[in-house]
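2 protein chains.
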Amino acid sequence: MTALANDTFLRALRRQPTEYTPLWLMRQAGRYLPEYNATRARAGSFLGLAQNPHFATEVTLQPLDRYALDAAILFSDILTVPDAMGLGLRFEAGEGPKFERPLRTEADVAALAVPDMDKLRYVFDAVREIRRALVRDGVQRVPLIGFSGSPWTLACYMVEGGGSDDYRTVKTMLYARPDLMHRILAVNAEAVAQYLGAQIDAGAQAVMVFDSWGGVLADGAFQEFSLAYSQRVVQTLKARADARAVPVILFTKGGGQWLEAMADTGADALGLDWTTNLGQARARVGSRVALQGNLDPNVLFAPPEAIAREVQRLLHSFGPVENGVGHVFNLGHGISQFTPPEHVSALVEAVHSHSRALHRGTAA
Amino acid sequence: MTALANDTFLRALRRQPTEYTPLWLMRQAGRYLPEYNATRARAGSFLGLAQNPHFATEVTLQPLDRYALDAAILFSDILTVPDAMGLGLRFEAGEGPKFERPLRTEADVAALAVPDMDKLRYVFDAVREIRRALVRDGVQRVPLIGFSGSPWTLACYMVEGGGSDDYRTVKTMLYARPDLMHRILAVNAEAVAQYLGAQIDAGAQAVMVFDSWGGVLADGAFQEFSLAYSQRVVQTLKARADARAVPVILFTKGGGQWLEAMADTGADALGLDWTTNLGQARARVGSRVALQGNLDPNVLFAPPEAIAREVQRLLHSFGPVENGVGHVFNLGHGISQFTPPEHVSALVEAVHSHSRALHRGTAA
Chain A
1 MTALANDTFL RALRRQPTEY TPLWLMRQAG RYLPEYNATR ARAGSFLGLA QNPHFATEVT
61 LQPLDRYALD AAILFSDILT VPDAMGLGLR FEAGEGPKFE RPLRTEADVA ALAVPDMDKL
121 RYVFDAVREI RRALVRDGVQ RVPLIGFSGS PWTLACYMVE GGGSDDYRTV KTMLYARPDL
181 MHRILAVNAE AVAQYLGAQI DAGAQAVMVF DSWGGVLADG AFQEFSLAYS QRVVQTLKAR
241 ADARAVPVIL FTKGGGQWLE AMADTGADAL GLDWTTNLGQ ARARVGSRVA LQGNLDPNVL
301 FAPPEAIARE VQRLLHSFGP VENGVGHVFN LGHGISQFTP PEHVSALVEA VHSHSRALHR
361 GTAA
Chain B
1001 MTALANDTFL RALRRQPTEY TPLWLMRQAG RYLPEYNATR ARAGSFLGLA QNPHFATEVT
1061 LQPLDRYALD AAILFSDILT VPDAMGLGLR FEAGEGPKFE RPLRTEADVA ALAVPDMDKL
1121 RYVFDAVREI RRALVRDGVQ RVPLIGFSGS PWTLACYMVE GGGSDDYRTV KTMLYARPDL
1181 MHRILAVNAE AVAQYLGAQI DAGAQAVMVF DSWGGVLADG AFQEFSLAYS QRVVQTLKAR
1241 ADARAVPVIL FTKGGGQWLE AMADTGADAL GLDWTTNLGQ ARARVGSRVA LQGNLDPNVL
1301 FAPPEAIARE VQRLLHSFGP VENGVGHVFN LGHGISQFTP PEHVSALVEA VHSHSRALHR
1361 GTAA
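Chains as they are written, first to last, in the working numbering: chain A, 1 to 364; chain B, 1001 to 1364.
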């Protein structure tokens, strides 16, 4: 085991004392960085980038070389698992992801199966290679986060065949044929649990479940079709022998009304989008889970002094630094491709310097 | 004053006893109805339809002739007010609304002013004509609802110049130049208050403020840039001599975390999207305001028996029928253009018949 030079992120997730509020950014390796675009150009395509462990390692480390971020996150695509299930993932220029063989009929659903994890070896190879690349002077710079889409979020893409404005196709199946939807979700939950387990085996030191589309569901439907299956994933991971060492973060975009139920899944931390008040979230669930979030990514279009003001407001909204609570700073959603990279420097500086002042004088 | 044949909707908004749960549907006069599409074809364009009081009256009444709905809502566009401000509204085939002259510079914002309400006379003429057309056998069939976009929602379109995926332009102004954003919102609030006041003068018997994009704001920004200005509108209307007679409904899509603050505006009722649990909303604010909502419009793609099941679930989630609380059934968002019209019949039948059973035996 290589020692961690900076374990602030893992300590915050475990609600242990830290010297400052750690931060990383969803989609921190991405198109707002010129060096990312250069690597992507060499890779030839997005899938060429995501499926090649060397390129994935290169772009995973790029934001760490620019900014004092407290965690790395595996660079990968959210749709690797359904692609391994044989749905035929492709990206066309100017469009989002598409599946060549979406799930539309009873026969499509009956044929769905948990994929052989060997088809996803390129992901686990990337995890291993990133772990090695994170070592500098004999110590690992920051921890590595693995991730997956939630069973429901994967199902949205698998049934719609791509992105959607209204989720009409997947919701029609949900309301008209709940039996088919439950079968898809059961397969997805098992696949995601195996996938994240294999990422942990390969070296991921925390994992995050992205329930990006849980928030489009009605109250009631969310609990039945999204949360119940995310919970299966969390509970499978928390049954592992290394569960204490590897925190699980559950993020539902638009899930602010369901935080208590999300905390009941057994996740170690909840990701929050920018609509949730951090202090209120802490009052509701903060003694049971750490909280991660939740700056509006659009704040990064404002000048550095406005960014610093919003960072201070957010850190103060979390409330006093105390043992037994944990906050990981992040955006409330992925960083925009149009973000000026120098504004991210202003963000990182504001989070670290202001939170260090807030943490000073507390037990550490 | 012509008597109302059916005032169930107004009684529910005033939290008075009703024999059943009244319902209407956001966007009930719309593209899912073949007769609407026929009228629109005769009008030549969407604006030709919305700006002609005769056509607007015709389409407003169409859903009432098909379904036993408990209210009519003025057919109009949400962007009439900024159009009257001179921003140049146009609709291009296959695209949403666009403004030819969006607000981008300090000079654009400085030049913005409350429009002469005479430019919106076609709207008030439509209200008057619809009121007349609603009279059958000497009584008015159902009440007429007037509406406007909220100050913030109008500002989104006015600054973005149309719809948006990420609200980057308007949020950049909000965070970088809050002074400009506040000026736009102050002008919009005054304009919307005058606009809704004139609709009431023309005969609207309830009004609804559609804060369709309030839910894209961060906690904190919502209260400062959306709610504060919706509150100005509500308070101006509630200062009128006829305020008791004309209920005001405030609907923020994605606003489920902010219901207490929304109730504090003085609105008579809150519109809810489908992510909010009705019973929990009632526990939080239901003795102060009526609640309107909140079926996922996608339920209407399922067969009638599934629609009836979801209706029952929703009515039960509101909890026991009691004096001093009020529920108006609605969708959580506008009805989809792809909805089968016969499924709306199933919805109306399910709401009326099931809620009548729930109301039986209560004080009325």
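The beta-carbon is built from N, C-alpha and C at its ideal position, and this holds for glycine as well.
Whole-Å CB distance - A:Leu23 paired with A:Phe251, under 8 angstroms assumed = With 8 angstroms as the limit, A:Leu23 and A:Phe251 do not qualify as a contact, their Cβ atoms being about 15 angstroms apart.
Can you tell me the Cβ-Cβ gap for B:Phe1091 and B:Pro1082, rounded? I've got them flagged as a contact below 8 angstroms.
-> Not confirmed; about 14 angstroms, so no contact.
Quick one: does B:Val1311 have its CB under 8 angstroms from some CB of chain A?
-> no
What is the residue span of the alpha helix (DSSP H) that A:Met173 lies within?
-> 168-176
Do B:Trp1152 and B:Tyr1229 have their C-beta atoms closer together than 8 angstroms?
-> yes
Expressed to the nearest angstrom, what Euclidean distance is found between the alpha-carbon atoms of A:Ala269 and B:Gly1286?
-> 32 angstroms
On a CA-only basis, which of A:Ala155, A:Glu349, A:Glu224, A:Ala107 is nearest A:Phe99? Give me that one, please.
-> A:Ala155
Contact set between the stretch 290-309 of chain A and chain B, restricted to residues whose Cβ is under 7 angstroms from the partner = Asp296, Asn298, Val299, Phe301, Ala302, Pro303, Ala306
Just tell me which of A:Pro115, A:Leu144, A:Asp118 has its CA closest to the CA of A:Glu129.
-> A:Leu144
Bridge partners - B:Arg1136, DSSP secondary structure assignment | B:Val1139
Say whether chain A places a C-beta atom closer than 8 angstroms to the C-beta of B:Trp1213.
-> no
State yes or no: is the C-beta of B:Leu1004 within less than 8 angstroms of the C-beta of B:Val1135?
-> no
Contacting positions in the stretch 172-189 of chain A - beta carbon closer than 7 angstroms to chain B = Thr172, Tyr175, Ala176
Could you round the C-beta distance between A:Gly161 and A:Pro115 to whole angstroms and report it? I think they count as a contact, below 8 angstroms.
-> No, A:Gly161 and A:Pro115 are not in contact; Cβ-Cβ is about 18 angstroms, not under 8 angstroms.
What is the DSSP secondary structure of B:Gln1280, reduced to helix, strand or coil?
-> helix
Quick one: is B:Ala1218 near chain A, going by C-beta distance under 8 angstroms?
-> yes
When you check each C-beta in the stretch 1228-1256 of chain B against every C-beta of chain A, which residues fall closer than 8 angstroms?
-> Against chain A - using a Cβ distance shorter than 8 angstroms - the residues of the stretch 1228-1256 of chain B are Gly1254, Gly1256.
Short CB-CB distance (under 8 angstroms) between B:Arg1168 and chain A = yes
Which chain B residues sit within Cβ distance under 8 angstroms of A:Phe338?
-> Arg1168
What residue range is occupied by the uninterrupted beta strand (DSSP E) comprising A:Asp211?
-> Annotation: the continuous beta strand (DSSP E) that includes A:Asp211 extends over 206-211.
Sequence-distant residues of its chain with Cβ nearer than 6 angstroms to B:Thr1339 (five each side left out) | Tyr1032, Leu1300
Is the Cβ-Cβ distance between B:Gly1271 and B:Gln1292 less than 8 angstroms?
-> Yes; because the gap between Cβ atoms is below 8 angstroms, this pair is in contact.
Residues of its chain near B:Asp1070, where Cβ-Cβ distance is below 7 angstroms and the 5 sequence neighbours each way are ignored = Asn1006, Thr1008, Phe1009, Pro1022, Leu1023, Trp1024, Val1142
Given B:Leu1120, which residues of its chain have a CB within under 8 angstroms of its CB, disregarding the five upstream and five downstream residues?
-> Apart from the 5 residues on each side of it in sequence, B:Leu1120 sits with its Cβ closer than 8 angstroms to the Cβ of Thr1080, Val1081, Ala1084, Tyr1195, Ala1198 in its chain, given in chain order.
Residue range of the alpha helix (DSSP H) that includes B:Arg1313 | First-last of the alpha helix (DSSP H) with B:Arg1313: 1304-1318.
CB B:Val1187 to CB B:Leu1087, shorter than 8 angstroms?
-> no
Output yes if chain B places a C-beta closer than 8 angstroms to the C-beta of A:Thr153; else output no.
-> no
What's the C-alpha gap between B:Ala1364 and A:Trp274?
-> Low confidence applies to B:Ala1364: its pLDDT is 39, below 50, so where it sits in the model is not reliable enough to give any reading.
Rounded to whole angstroms, what's the CA-CA distance from B:Val1207 to B:Val1248? Just pull it up for me.
-> 5 angstroms
Are there 16 or more other CB atoms within 10 angstroms of the CB of A:His54, so buried, or fewer, so exposed?
-> exposed
Where does the unbroken beta strand (DSSP E) through A:Lys98 begin, and where does it stop?
-> 97-99
Residues of its chain near B:Gln1223, where Cβ-Cβ distance is below 7 angstroms and the 5 sequence neighbours each way are ignored = Ala1261
Would you say the beta carbon of A:Gln257 comes nearer than 7 angstroms to a heavy atom of the ligand MG?
-> Because no ligand of any kind appears in the structure shown, any question about the ligand MG cannot be addressed here.
Determine the burial state of B:Ala1050: buried for a count of at least 16 other Cβ atoms within 10 Å of its Cβ, exposed for fewer.
-> buried
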